[in-house]
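J.: Residue numbers (this note's numbering): 211 to 654.
We put the CB at the ideal spot given by N, CA and C, even for glycine.
Owing to the predicted nature of the structure, the values given are computational and were not obtained by experimental measurement.
1) For residue 650, I'd like the list of residues in its chain whose CB is within less than 7 Å of its CB, leaving aside the five on either flank, ordered along the chain.
2) Under 8 Å by Cβ, that's how I've got residue 317 and residue 369 pegged, so tell me the actual separation to the nearest angstrom.
3) If you draw a straight line from the C-alpha of residue 213 to the C-alpha of residue 237, how long is it?
4) Taking a contact to mean a Cβ-Cβ separation below 8 Å, would you say residue 340 touches residue 635 in this structure?
5) In terms of DSSP beta bridges, what is residue 399 paired with?
6) Can you give the Cα-Cα distance for residue 377 and residue 652, rounded to whole angstroms?
7) Which two residues bound the contiguous alpha helix (DSSP H) that contains residue 576?
8) Let me know the secondary structure DSSP gives residue 503 once reduced to three states.
9) Which residues bound the alpha helix (DSSP H) around residue 638?
10) Using 10 angstroms around the beta-carbon of residue 325, count the other beta-carbons present and answer buried if the total reaches 16, otherwise exposed.
11) The alpha helix (DSSP H) with residue 536 in it runs from where to where?
12) Assuming residue 220 contacts residue 305 under a Cβ cut-off of 8 Å, what Cβ separation, rounded to an integer in Å, is found between them?
13) Whose C-beta lies closer than 7 Å to the C-beta of residue 256 among residues of the same chain, with five residues either side of it excluded?
14) Could you pull the start and end residues of the beta strand (DSSP E) that residue 239 belongs to?
15) DSSP three-state call for residue 595: helix, strand or coil?
16) Taking all protein chains shown into account, decide if residue 286 is buried (16 or more other Cβ within 10 angstroms of its Cβ) or exposed.
17) From the beta carbon of residue 590, is the nearest beta carbon of chain C less than 8 Å away?
18) Let me know the beta strand (DSSP E) ranges lying completely inside the region 370 to 416, each 3 residues or longer, listed in chain order.
19) Classify residue 352 as buried or exposed, calling it buried when 16 or more other Cβ atoms lie within 10 Å of its own Cβ.
20) Alpha carbon to alpha carbon, how far is residue 480 from residue 572?
21) Are at least three pairs of beta-carbons, each pair with one atom in the region 402 to 421 and one in the region 485 to 498, less than 8 Å apart?
22) Could you please give the first and the last residue of the uninterrupted alpha helix (DSSP H) stretch that includes residue 530?
23) When you compare each of 640, 598 and 612 to residue 625 by their alpha carbons, which one comes out closest?
24) Find the nearest neighbour of residue 676 within the set 394, 315 and 320, judged by alpha-carbon distance.
25) Which residues does DSSP list as the beta-bridge partners of residue 228?
26) Do residue 327 and residue 298 count as a contact pair if the criterion is CB distance below 8 Å?
27) For residue 312, list the residues DSSP reports as bridge partners.
28) What residues are listed by DSSP as bridge partners for residue 511?
29) Classify residue 303 as buried or exposed, calling it buried when 16 or more other Cβ atoms lie within 10 Å of its own Cβ.
30) Taking only the alpha-carbon atoms, compute the straight-line gap between residue 388 and residue 631 and give it to the nearest angstrom.
31) Tell whether a beta-carbon distance below 8 Å holds between residue 300 and residue 239.
32) In the DSSP output, which residue or residues are listed as bridge partners for residue 565?
33) So for residue 317, helix, strand or coil by DSSP?
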């Protein structure tokens, strides 16, 4: 979809003036700062400003470890600078927007990788085709957002608190882009979807959104994480012993990797060793979750999605199961079986339970499975397969092996992207659940 022409102009929002890009279809602001934070400290909102701020280029990503799914997705963060000063968001709004629904997206990455500034996550087509104002949020990941060493204080959930701050920015500023701050759909994929659940449970986020979409949220990993978190933090503390206070970002990432390695002792849950902490601001205690759901379900409409082979790429990169590939057809058969069990345990069954519990508490919920897969790849219908249909443009995903022969040509060859974007936008407009199709199956 590229537009033939673009100009820059000034746009005044509640916080101050921006220099934005205007194309034939959209008004775009990239790298808009929504908060500031010192290392290992909660972020604070930006102070209002008076001089125009340039938002014509993407902002930086948080320092991070390599993406474990790069072999399947391609390079997600190509072209981005890196900085701990990374609390930025991007906005895509139709040119004549006025009172439109708002869709706020939280990227995935197991709480250790990713950025909402990636060209692959820009909602160019979603905003233009769906007549929505779309926002992508970047937040602190890894040790900077989800693993505060003991010597640095007791503040936790820093990345989650960044996300809350971004939602508050949307409430304050999105009307200037033509969005309705009272009609926000919050959606996220993988750890981003898991973060959406945490924000659903957070009292300070109440009233900041009215609909949510969870895409491949690893709901089967949410419970019973306290011992894992203690072990990871203890390992980080041990690795930091006798180290200076002013470590570089790269040195902290080394500490993170050493600490995260203890997750191997915790089975599948340890596959995501960093993450949110129950009982720490803004989350309730774990045993209070059911009561919070009972209050929130009537207020928020819920759409859940997982893919047919959600767990397969994680099984494929596990050293133990990876050795099975050497066994030929028998090894592949075992890998497929393990993947099915893991997908059911971590994604499918927990999503069914959440949808059922949401409806039982008086809410509206729909649960779907995406089954599309290209031919001639080993990935099936894996984790992240829906992202190229929703975000970026086809050229942004041209190096993604999971797309097989369709890489770089999705919209050209298939109607699925246009249909999926339309379904997500309809849900954001009025809560209409997607219609079942040959590739999108209603599960509950």
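T.: A quick look at the data gives this:
1) Position 440 of the chain shown, counted from the start, is the residue given in the question as residue 650. Once the five neighbours on either side are set aside, the close Cβ partners of residue 650 are 578, 580 and 644.
2) Here the question's residue 317 lines up with position 107 in the chain shown. Here the question's residue 369 lines up with position 159 in the chain shown. Between residue 317 and residue 369 the beta-carbon gap is near 11 Å, outside 8 Å, which marks them as no contact.
3) Here the question's residue 213 lines up with position 3 in the chain shown. Here the question's residue 237 lines up with position 27 in the chain shown. Only weak support is given to the placement of residue 213: the predicted model assigns it a pLDDT of 48, under 50, and the question is left unresolved by the model.
4) As a working mapping, residue 340 is identified with position 130 in the chain shown. As a working mapping, residue 635 is identified with position 425 in the chain shown. Yes, Cβ-Cβ distance for residue 340 and residue 635 is below 8 Å.
5) Mapped onto the chain shown, residue 399 falls at position 189. Note: residue 399 is bridge-paired with 425 in the DSSP secondary-structure output.
6) As a first step, residue 377 must be located in the chain shown, where it is residue number 167. As a first step, residue 652 must be located in the chain shown, where it is residue number 442. Cα to Cα, residue 377 sits roughly 30 Å from residue 652.
7) Here residue 576 is taken as the residue at index 366 of the chain shown, counted from 1. Note, residue 576: premise wrong, no alpha helix (DSSP H); beta strand (DSSP E) at 575 to 580.
8) Here residue 503 is taken as the residue at index 293 of the chain shown, counted from 1. For residue 503, the three-state secondary structure derived from DSSP is helix.
9) Position 428 of the chain shown, counted from the first residue, corresponds to residue 638. Its alpha helix (DSSP H) spans residues 626 to 640.
10) Counting from 1 along the chain shown, the entry for residue 325 is found at position 115. Residue 325 should be labelled buried.
11) As a working note, residue 536 is residue 326 in the chain shown. Taken as a continuous stretch (DSSP letters only), residue 536 belongs to no alpha helix (DSSP H), as it is neither H nor E.
12) Locating residue 220 in the chain shown gives position 10, where the first residue counts as 1. Locating residue 305 in the chain shown gives position 95, where the first residue counts as 1. At roughly 15 Å, the Cβ-Cβ gap does not stay under 8 Å, so residue 220 and residue 305 are not in contact.
13) Residue numbering aside, residue 256 sits at position 46 when the chain shown is read from its first letter. Taking C-beta separations shorter than 7 Å and ignoring five residues to either side along the sequence, the partners of residue 256 in its chain run 225, 243, 244, 245 and 246, following chain order.
14) By 1-based counting over the chain shown, the position of residue 239 is 29. First-last of the beta strand (DSSP E) with residue 239: 236 to 243.
15) The residue you call residue 595 lines up with position 385 of the chain shown. In this structure, residue 595 counts as coil in the three-state DSSP scheme.
16) Along the chain shown, read from residue 1 onward, the residue named residue 286 stands at position 76. Classification for residue 286: buried.
17) The question asks about chain C, but that chain is absent: this structure has only one protein chain.
18) Complete beta strand (DSSP E) runs here, min 3: 389 to 399.
19) Taking the first residue of the chain shown as position 1, residue 352 is located at position 142. Under this definition residue 352 is a buried residue.
20) Within the chain shown, residue 480 is the residue found at index 270, counting from 1. Within the chain shown, residue 572 is the residue found at index 362, counting from 1. About 33 Å.
21) The answer is yes - the region 485 to 498 touches the region 402 to 421, with three or more Cβ pairs under 8 Å.
22) In the chain shown, the residue the question calls residue 530 occupies position 320. Counting along the chain, the alpha helix (DSSP H) containing residue 530 begins and ends at 529 to 532.
23) Within the chain shown, residue 625 is the residue found at index 415, counting from 1. Of 640, 598 and 612, the residue nearest in Cα terms is 598.
24) The structure shown does not extend to residue 676, since the chain spans only 211 to 654, so no value can be given for it.
25) Here residue 228 is taken as the residue at index 18 of the chain shown, counted from 1. Looking at the DSSP assignment, residue 228 forms a beta bridge with 221 and 263.
26) In the chain shown, the residue the question calls residue 298 occupies position 88. In the chain shown, the residue the question calls residue 327 occupies position 117. Yes. Within cutoff.
27) By one-based count along the chain shown, residue 312 stands at place 102. Bridge partners of residue 312: 343 and 394.
28) One-based indexing of the chain shown puts residue 511 at position 301. DSSP output for residue 511 lists 421 as bridge partner(s).
29) Within the chain shown, residue 303 is the residue found at index 93, counting from 1. By the neighbour-count criterion, in which a residue is buried when 16 or more other Cβ atoms sit within 10 angstroms of its Cβ, residue 303 is buried.
30) Here residue 388 corresponds to residue number 178 of the chain shown, with the count starting at 1. Here residue 631 corresponds to residue number 421 of the chain shown, with the count starting at 1. Answer to the nearest angstrom: the Cα atoms are 20 Å apart.
31) The residue labelled residue 300 in the question sits at position 90 within the chain shown. The residue labelled residue 239 in the question sits at position 29 within the chain shown. For the 8 Å CB-CB criterion, residue 300 and residue 239 form a contact.
32) Your numbering for residue 565 matches position 355 in the chain shown. Partner(s): none; residue 565 has no beta bridge.
33) Mapped onto the chain shown, residue 317 falls at position 107. Note: residue 317 maps to coil in three-state DSSP.
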